[in-house]
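K.L.:
My structure is below; once you've seen it, I'll send some questions.
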Amino acid sequence: MLGSIIAFLVYLFILTYLGYLGYKHTKNTADYLVGGRQIHPLIMALSYGATFISTSAIIGFGGAAGTLGMGLLWLTFLNIFVGIFIAFVIFGKRTRKMGHNLDAHTFPELLGNRFQSKFIQGFAGIIIFLFMPIYAAAVLKGGTDFIQSHFGIAYEISLLFFAAVVALYVWMGGLKGVMYTDAFQGIIMFGAMIFLLIFAYNKLGGVGTAHEQLGALYQNADVQPQIEKLVKGGFRGWTSMPALGTPIWWSLVTTIVMGVGIGVLAQPQLVVRFMTVKSNRELNRAVLSGGIFIIMMTGVAFVVGALSNVFFFNETGKIAIAAAGGNDKIIPAFIKTFVPGWFGIIFFLALIAAAMSTLSSQFHAMGTAMGRDFYQKSLGKKGNTILITRTSMLLAIILSVVLAFLANKLDASMQIIATGTALFFGLCAASFLPAYLSALYVRNISTKAVVAGMIAGFSVGIFCIFFVHEKEAASLQLCNLLFGKTSIVKDTGLAKLALIDPIIFSFPASVLVTTIGYFVSKNKNSESHINNCFNGI
Amino acid sequence: MIGISDPWIVTAYVLCILSALACIIYGLLNWNKGAGDESSQMAEEARWEEAETKINETL
């Protein structure tokens, strides 16, 4: 414990020192720009990585891999191909240029200015403010689960401690744009995950042998009773995809893989990141670093999460979820039980780093969503913006902490962090993605078409979350209250729909309505405005 | 070869590595592309950054 505290204090000291160095060298905007251009590509690369990945990915989704197996690697593939390659090459470059052309500083502002619609900016701002706390809570829960498990501190106290550290970091300015700080965090995260991968494969006798042991576990007579319930749900082992069309298959493919894999394209805090990049050259370079970083973060977390079953079984005779006492506890318990103690401290710092870089950008997005996007721009109010923005950010932090607190009351066998993250990602994809893609690529689409698509995607998504998709509808209780069952399609001929993630309905609905709107409504935005938007694109 | 029999998982495993390699190759091939006209970009960014600083000051 003392070692952890000392390491943590040293870490905070280094962060503060690097932050101070960064500020000292960037006295004004011109310095900042020059500094940004001269920065070493490796520093740039590591700083990008730190903002991509959070505790949600490592603890939440790593734990999901511990329960559901290596099928989660499909998400890693989408994370790299969609989240890095498509996001940077197809979306990033145009976002950067259009953001500058329109003087947009938030994602809702980019959409609002592009379509000259206060409604779009306000609507997007409200969605972000109301629903992003779910994702922030998932990130908080990831870090809290680790602190609780590793240091044996009660969940509530761990949560308050973790939230206080993050709040302090945000209060210090989020250290936005200070590359060295992000890079330092990136080094810790990267080093920790490389060690974890080598450690896990090495301990189990190499890549092939490790996978074979994991595959054989499914047939083991002692394991069979432990996975009885999972097998009924379609589970076929940690090195196999679940049986097609079963509840676990739908959950893995539609919620975890599709929800997060596609939703990443319309993440407000990541879109903003494109606008702060210095040039397209930096985006090109970031594709390289992002690709390496993501495979080392989520790829390693998912492989090690699945392999943890072999470690736990050999040691305790139990599979990972049973030994750890819950899906989200798998990675923390694995680190505590099997990895050398000194590494636990490094891993703790890596998680804090991963959470802080993500949470600070989330709180920034939530504060500006309410203060700038909704209050100032959409409602057209002039005074008190600072007060509204700061109050909104504080509210967002409090709401996220409360949600993280409540999340611990849910059934621990559920993939709580992964589900919460996927819920927000799915809602973003349905509400924003067709509008965002249209904004960047379709010059003559009308504002009405985009508004209709956003409302359709959001409405279908919310309806499915509250009334159809049983995983969420059952926890939210509204469907039960109104209809006396956990999903309106339960006990009907459409019962299978209760297993399918909302994104499967909401995203196509949004695309369909936007497309119909494109053909039936006339674009009323002036030619000069469109030319300004696409200037240099 | 990698000790996994399900082709769907093998495909995912291989695609992860291939897509990361594709990112590396893309990054290397375009390492110095897209820098553009530095002076006009600097002026454009300076304007944007000034407004961004003002927003951040409200937080």
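Order-wise, the sequence lines are chains U and V.
Position one of the first sequence corresponds to residue 99 (the numbering used here), numbered consecutively onward.
Position one of the second sequence corresponds to residue 20 (the numbering used here), numbered consecutively onward.
Where is the CB? At the ideal position from N, CA and C, for every residue including glycine.
Fair warning: this is a prediction, and the values are worked out from it, not measured in the lab.
Expressed to the nearest angstrom, what Euclidean distance is found between the alpha-carbon atoms of Gly559 (chain U) and Val566 (chain U)?
P.N.:
As a first step, residue 559 (chain U) is located in the first sequence; it is residue number 461 there, counting from the start. As a first step, residue 566 (chain U) is located in the first sequence; it is residue number 468 there, counting from the start. Cα to Cα, Gly559 (chain U) sits roughly 10 Å from Val566 (chain U).
K.L.:
Can we say the stretch 615-627 of chain U touches the stretch 568-581 of chain U, given the rule of at least three CB pairs closer than 8 Å?
P.N.:
With a cut-off of 8 Å, the stretch 568-581 of chain U and the stretch 615-627 of chain U do not count as touching, because too few Cβ pairs lie within range.
K.L.:
Answer with buried or exposed for Tyr267 (chain U), where buried requires no fewer than 16 other C-beta atoms within 10 angstroms of its C-beta.
P.N.:
In the first sequence, counting from the first residue as 1, residue 267 (chain U) sits at position 169. With 16 or more Cβ atoms within 10 Å of its Cβ, Tyr267 (chain U) is classed as buried.
K.L.:
Less than 8 Å between the C-beta atoms of Gly442 (chain U) and Ile433 (chain U), yes or no?
P.N.:
Mapped onto the first sequence, residue 442 (chain U) falls at position 344. Mapped onto the first sequence, residue 433 (chain U) falls at position 335. Yes, these two residues count as a Cβ contact at 8 Å.
K.L.:
Beta-carbon of Val362 (chain U) versus every beta-carbon of chain V: anything under 8 Å?
P.N.:
Counted from its first residue, the first sequence places residue 362 (chain U) at position 264. So no, Val362 (chain U) is outside the interface.
K.L.:
Residues of chain V with CB closer than 7 Å to the CB of His309 (chain U), please, in chain order.
P.N.:
For the purposes of this step, residue 309 (chain U) is identified with residue 211 of the first sequence, where counting begins at 1. Under the 7 Å cutoff, chain V gives Ile21, Gly22, Ile23.
K.L.:
Classify Asn177 (chain U): buried if its beta carbon has 16 or more other beta carbons within 10 angstroms, exposed otherwise.
P.N.:
As a first step, residue 177 (chain U) must be located in the first sequence, where it is residue number 79. Label assigned to Asn177 (chain U): buried.
K.L.:
Skipping 5 residues on each side, what residues in its chain have a beta carbon closer than 7 Å to that of Leu501 (chain U)?
P.N.:
Position 403 of the first sequence, counting from 1, holds the residue named residue 501 (chain U). Taken in chain order, the residues that qualify are Pro231, Ile232, Ala235.
K.L.:
Check the Cβ of Val263 (chain U) against every Cβ in chain V and list those closer than 8 Å, keeping chain order.
P.N.:
For this step, residue 263 (chain U) is matched to residue 165 along the first sequence. What Val263 (chain U) touches in chain V: nothing, since even the nearest Cβ is about 19 Å away.
K.L.:
Over what stretch of residues does the alpha helix (DSSP H) that includes Ser154 (chain U) continue unbroken?
P.N.:
Within the first sequence, residue 154 (chain U) is the residue found at index 56, counting from 1. Element bounds for Ser154 (chain U): n/a, residue is neither H nor E.
K.L.:
Can you have a look at Asn51 (chain V) and say buried or exposed, based on whether 16 or more other CB atoms are within 10 angstroms of its CB?
P.N.:
The residue labelled residue 51 (chain V) in the question sits at position 32 within the second sequence. The residue is exposed, with fewer than 16 neighbouring Cβ atoms inside 10 Å.
K.L.:
Cα separation between Ala537 (chain U) and Phe605 (chain U)?
P.N.:
By one-based count along the first sequence, residue 537 (chain U) stands at place 439. By one-based count along the first sequence, residue 605 (chain U) stands at place 507. Taking the straight line joining both Cα atoms gives about 17 Å.
K.L.:
Count the other C-beta atoms from every protein chain shown that fall within 10 angstroms of the C-beta of Val549 (chain U), then say buried if there are 16 or more, exposed otherwise.
P.N.:
Counting from 1 along the first sequence, the entry for residue 549 (chain U) is found at position 451. Buried.
K.L.:
With distance defined between alpha-carbon atoms, name the residue in U:Ile543, U:Ala516, U:Ile360, U:Arg334 nearest to Ser24 (chain V).
P.N.:
On the second sequence, residue 24 (chain V) is found 5 positions in, with the first residue counted as 1. Comparing Cα positions, the closest option is U:Arg334.
K.L.:
Name the chain V residues that come within less than 7 Å of Trp172 (chain U), Cβ to Cβ?
P.N.:
Counting from 1 along the first sequence, the entry for residue 172 (chain U) is found at position 74. Those are Ala31, listed as they occur along chain V.
K.L.:
Sorted by chain position, which residues of the same chain lie with C-beta nearer than 8 Å to Ala252 (chain U)'s C-beta, five sequence neighbours on each side aside?
P.N.:
The sequence position of residue 252 (chain U) within the first sequence is 154, counting from 1. The residues are Gln246.
K.L.:
What are the start and end residues of the alpha helix (DSSP H) that includes Met230 (chain U)?
P.N.:
As a first step, residue 230 (chain U) is located in the first sequence; it is residue number 132 there, counting from the start. Run containing Met230 (chain U): 216-249, per the alpha helix (DSSP H) assignment.
K.L.:
What are the boundary residues of the alpha helix (DSSP H) that includes Met464 (chain U)?
P.N.:
Taking the first sequence and counting its residues from 1, the one referred to as residue 464 (chain U) is at position 366. That run of the alpha helix (DSSP H) goes 439-466.
K.L.:
How would you label Tyr616 (chain U), buried or exposed, when you count the other beta carbons within 10 angstroms and need 16 or more for buried?
P.N.:
As a first step, residue 616 (chain U) must be located in the first sequence, where it is residue number 518. Result: buried.
K.L.:
Quick one: does Ile496 (chain U) have its CB under 8 Å from some CB of chain V?
P.N.:
If you number the first sequence from 1, residue 496 (chain U) lands on position 398. No, its Cβ sits nowhere closer than 8 Å to a Cβ of chain V.
K.L.:
How is Gly197 (chain U) classed by DSSP in three states: helix, strand or coil?
P.N.:
If you number the first sequence from 1, residue 197 (chain U) lands on position 99. Reduced to three states, the DSSP call for Gly197 (chain U) is helix.
K.L.:
Can you tell me whether Met20 (chain V) is buried or exposed, with buried defined as 16 or more other CB within 10 angstroms of its CB?
P.N.:
By 1-based counting over the second sequence, the position of residue 20 (chain V) is 1. Label assigned to Met20 (chain V): exposed.
K.L.:
For a cutoff of 8 Å on Cβ pairs, would you count Leu131 (chain U) as touching chain V?
P.N.:
Here residue 131 (chain U) refers to the residue found at position 33 of the first sequence. Since pLDDT at Leu131 (chain U) reaches only 41, below the 50 mark, its modelled position is unreliable, and no value is offered.
K.L.:
Using the Cβ count rule (16 or more neighbours within 10 Å means buried), how would you classify Ala593 (chain U)?
P.N.:
Taking the first residue of the first sequence as position 1, residue 593 (chain U) is located at position 495. Exposed, because fewer than 16 other Cβ atoms sit within 10 Å of the Cβ of Ala593 (chain U).
K.L.:
Would you please state the rounded distance, in angstroms, between the beta carbons of Ile225 (chain U) and Phe472 (chain U)? I believe it to be under 8 Å.
P.N.:
Position 127 of the first sequence, counting from 1, holds the residue named residue 225 (chain U). Position 374 of the first sequence, counting from 1, holds the residue named residue 472 (chain U). Actually they are not in contact, since the Cβ atoms of Ile225 (chain U) and Phe472 (chain U) sit about 10 Å apart, beyond 8 Å.
K.L.:
Using a 10 Å radius around the Cβ and a threshold of 16 neighbouring Cβ atoms, would you call Thr307 (chain U) buried or exposed?
P.N.:
Counting from one through the first sequence, the residue named residue 307 (chain U) turns up at place 209. Its Cβ having fewer than 16 others within 10 Å, Thr307 (chain U) is exposed.
K.L.:
Can Ala510 (chain U) and Gly415 (chain U) be called in contact, C-beta distance under 8 Å?
P.N.:
Here residue 510 (chain U) refers to the residue found at position 412 of the first sequence. Here residue 415 (chain U) refers to the residue found at position 317 of the first sequence. No, they are not a contact pair.
K.L.:
I want to verify the contact list: residues of chain V whose CB lies under 8 Å from the CB of Leu381 (chain U), in sequence order.
P.N.:
As a working mapping, residue 381 (chain U) is identified with position 283 in the first sequence. In chain order: Gly53.
K.L.:
Which residues in chain V sit within 9 Å of Gly169 (chain U), going by Cβ to Cβ distance?
P.N.:
On the first sequence, position 71 is the one that residue 169 (chain U) refers to. Per Cβ cutoff of 9 Å: Asp25, Trp27, Ile28, Ala31.
K.L.:
Is the CB of Val305 (chain U) under 8 Å away from at least one CB in chain V?
P.N.:
The residue you call residue 305 (chain U) lines up with position 207 of the first sequence. Closer than 8 Å to some Cβ of chain V, the Cβ of Val305 (chain U) qualifies, so yes.
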